[in-house]
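Take a look at the structure below.
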Amino acid sequence: MSAGDSASNVSRKVFVDTVILALAVGGESPHRAACRRILDGAANGEMELHLSAEALQELLFHRLRRGSRADAVAVVREVRAACVVHAFDEAVTDQMVDLVERSPIGGRDAVHAATALEAGFTEIVSLDRDFDQVPGLTRREPAYA
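In my numbering, each residue's number is its place in the sequence shown (first place is 1) plus 51.
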């Protein structure tokens with residue numbers, strides 16, 4: 052599914068940070084079950100997950116460090132198939148720089164936040180409290196997504 056596709060039977064659209072994906076497909080964590088429910092909800096058509104292209108790159112990097120290349124590629128392809136991926140374009144770049152200038156958020160998180168805002172989202176699902184400082188964006192814990 053790409054950013055231009057729509058799913059008419061999906062009632063909820065949710066923008067997620069990389070950590071949600073990494074915990075959903077990774078090892079044991081107190082947050083794994085909640086993150087897995089989010090990814091399963093997307094795979095089952097209960098919700099539509101949105102993420103930045105940078106999130107897939109981060110997930111691939113994360114999985115390459117923890118397993119085989121083949122497993123990392125398979126995981127990223129599975130996640131990609133279940134999500135709407137938004138491009139890292141000029142508008143996102145400009146918004147990213149503006150966010151870094153006006154808030155304490157850093158580089159990669161600024162890409163995710165800028166992508167969410169440019170796509171019209173006002174919420175992001177993440178465990179990362181840095182998103183709490185982003186004007187116009189409210190962070191939600193995975194258990195409440």
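Yeah, the Cβ is synthetic: ideal placement off N, Cα and C, and Gly gets one too.
Ranges of the beta strand (DSSP E) found wholly within the stretch 92–118, counting only runs of at least 3: 98–103
Would you report the Cα separation of MET147 and THR69, rounded to the nearest angstrom? 16 Å
Using 8 Å as the Cβ pair cut-off and three pairs as the minimum, do the stretch 148–158 and the stretch 87–97 touch? no
For PHE139, which option in LYS64, LEU74, HIS163 has the closest C-alpha, if you only look at C-alpha atoms? HIS163
Rounded to a whole number of angstroms, what is the C-alpha to C-alpha distance between ALA194 and GLU129? 22 Å
Between the CA atoms of ARG120 and THR166 - distance to the nearest angstrom: 28 Å
Have a look at VAL176 and ASP122 and give me their C-alpha separation to the nearest angstrom. 25 Å
Below 8 Å between beta carbons: does that hold for VAL136 and ALA161? no
Give the single residue among LEU168, SER154, ASP181, ARG83 whose Cα lies nearest to the Cα of PHE66. LEU168
Alpha carbon to alpha carbon, how far is ALA106 from LEU100? 12 Å
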